[in-house]
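Each residue of the sequence shown is one higher than the one before, counting from 442 in this note's numbering.
Have a look at the structure below before the remarks.
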Amino acid sequence: MENNKALRVFAEEVRLETLRELAHLGFGHVGGAMSIVEVLAVLYGGELRHDPARPRMEERDKLVISKGHAGPALYAALALRGFFPKETLLTLNQGGTTLPSHCDRNKTPGVDMTCGSLGQGLSAACGIALGDRSLGRDSYTYVILGDGECNEGQVWEAAAFAPHNKLDRLIAFVDLNKQQLDGACDDVLYMGDMTDKWAAFGWHTQKVDGHSVDAVLDAVRRAKETHGKPSMIILDTVKGHGCELAENTFPCHHIAFTAEAIAPSLARAEQMLADARKALGEGR
Ligand SMILES: Cc1ncc(C[n+]2csc(CCOP(=O)(O)OP(=O)(O)O)c2C)c(N)n1
Numbered sequence: 442m443e444n445n446k447a448l449r450v451f452a453e454e455v456r457l458e459t460l461r462e463l464a465h466l467g468f469g470h471v472g473g474a475m476s477i478v479e480v481l482a483v484l485y486g487g488e489l490r491h492d493p494a495r496p497r498m499e500e501r502d503k504l505v506i507s508k509g510h511a512g513p514a515l516y517a518a519l520a521l522r523g524f525f526p527k528e529t530l531l532t533l534n535q536g537g538t539t540l541p542s543h544c545d546r547n548k549t550p551g552v553d554m555t556c557g558s559l560g561q562g563l564s565a566a567c568g569i570a571l572g573d574r575s576l577g578r579d580s581y582t583y584v585i586l587g588d589g590e591c592n593e594g595q596v597w598e599a600a601a602f603a604p605h606n607k608l609d610r611l612i613a614f615v616d617l618n619k620q621q622l623d624g625a626c627d628d629v630l631y632m633g634d635m636t637d638k639w640a641a642f643g644w645h646t647q648k649v650d651g652h653s654v655d656a657v658l659d660a661v662r663r664a665k666e667t668h669g670k671p672s673m674i675i676l677d678t679v680k681g682h683g684c685e686l687a688e689n690t691f692p693c694h695h696i697a698f699t700a701e702a703i704a705p706s707l708a709r710a711e712q713m714l715a716d717a718r719k720a721l722g723e724g725r
């Protein structure tokens with residue numbers, strides 16, 4: 442993207458298209474989709490090497506959305522980048538769709554890993570990163586985990602595996618939105634300080650405002666300059682960010698709503714996009 446203001450516009454486009462998908466369906470994983478909008482914008486806005494015309498290009502960077510229920514946000518980013526037509530977004534989670542509720546690499550162009558059963562994505566990402574390195578590729582592997590997902594034991598096996606194997610082209614994110622399916626993460630199973638935990642496992646670790654494209658972009662660039670160990674970027678986020686209805690619902694993991702109930706949230710997302718476009722125009 443030409444600059445960070447353009448990235449902000451892209452983020453608001455991803456947010457609006459995600460919300461439109463879910464609004465059309467009338468229910469879905471609004472909370473956890475909205476909280477990863479900015480990181481997706483940073484990745485598909487330039488940091489993740491990709492070619493929509495060749496979604497399986499071997500030397501691409503790969504992304505594993507381990508919290509696979511956030512598929513709708515990834516689909517919005519992929520459609521906006523041209524992996525498939527934007528109209529496809531309105532088929533989300535309906536019969537015959539190529540856009541299932543949870544990410545499926547066999548159904549959707551641009552999706553690199555099938556996820557949904559939480560806890561598995563980091564292991565898959567380790568395998569991808571190791572495989573690419575063995576084949577002499579310089580590709581990066583990115584993976585997005587949920588903070589609730591980090592309750593899963595398998596996450597911590599992979600957390601030990603990656604530094605042991607010096608997977609320095611593996612860049613992981615934890616979406617620290619502090620909620621999971623049925624409540625606050627700290628109430629369901631307190632994990633201690635996430636940043637300290639990943640650092641203790643031997644990861645280069647940063648914590649940033651997950652809704653600032655500037656902060657996320659800087660963190661990804663610092664991660665790329667890190668050698669000899671994998672990188673973890675803890676994204677401090679708000680579940681449902683930018684969707685009033687979700688922000689005002691607790692927990693907002695999976696919500697159902699009428700067209701009237703979601704209308705103000707859509708209007709606000711449209712306004713946020715208009716504001717971002719205005720800021721971009723003024724900066725030129
Ligand atoms: C192995 C497994 N157990 C339970 C679930 C049901 N489940 C789906 S989402 C979710 C909560 C995930 O919370 P978090 O990782 O924090 O995701 P986010 O809040 O970012 O949406 C649960 C328990 C699942 N998908 N997989």
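Positions of the beta carbon are idealized from the N, C-alpha and C atoms, including for glycine.
Item	Value
Check: residue 544 C-beta below 7 Å from any heavy atom of ligand 1	no
Residue range of the unbroken alpha helix (DSSP H) whose run includes residue 540	Careful: residue 540 lies outside any alpha helix (DSSP H) and carries neither H nor E.
Residue from 500, 485, 575, 515 whose Cα sits closest to the Cα of residue 459	515
Rounded distance between the beta-carbons of residue 671 and residue 603, thought under 8 Å	4 Å
Inter-residue CB distance, residue 636 and residue 652 (contact presumed, cutoff 8 Å)	Between residue 652 and residue 636 the Cβ distance is about 18 Å, and since that is not below 8 Å, they are no contact.
Proximity test, residue 684 beta-carbon vs ligand 1 heavy atom, cut-off 7 Å	no
Residues near residue 592 by beta carbon distance below 6 Å, same chain, minus five either side	630
Member of 559, 528, 470 whose CA lies at the smallest distance from the CA of residue 505	559
Cβ contact check for the stretch 678 to 688 and the stretch 458 to 477: 3 or more pairs under 8 Å	yes
Opening and closing residue of the alpha helix (DSSP H) in which residue 504 lies	No alpha helix (DSSP H) holds residue 504; the beta strand (DSSP E) holding it covers 503 to 506.
Beta strand (DSSP E) runs wholly inside the stretch 574 to 598, at least 3 long, in chain order	582 to 587
Alpha helix (DSSP H) segment containing residue 616, residue limits	Residue 616 -> not in any alpha helix (DSSP H); beta strand (DSSP E) instead, spanning 611 to 617.
Candidates 447, 453, 566, of which the one nearest residue 710 by Cα	453
Residue 679 (DSSP reduced to helix, strand or coil)	coil
Proximity test, residue 589 beta-carbon vs ligand 1 heavy atom, cut-off 7 Å	yes
Segment contact, 8 Å Cβ cut-off, at least three pairs: the stretch 477 to 488 with the stretch 645 to 665	yes
Inter-residue spacing [alpha-carbon to alpha-carbon] between residue 564 and residue 646	18 Å
From 720, 712, 613, residue whose alpha carbon lies closest to that of residue 507	613
Residue range of the unbroken beta strand (DSSP E) whose run includes residue 401	In the structure as shown, the chain begins at 442 and stops at 725. Residue 401 is therefore absent and cannot be evaluated.
Every unbroken beta strand (DSSP E) inside the stretch 655 to 721 [3 residues or more]	672 to 677
Residue 717, buried or exposed, once every other Cβ within 10 Å from all chains shown has been counted against 16	buried
Collapsed DSSP secondary structure at residue 494 in the structure displayed	coil
Residue 600 Cβ short of 7 Å to ligand 1 heavy atom set	no
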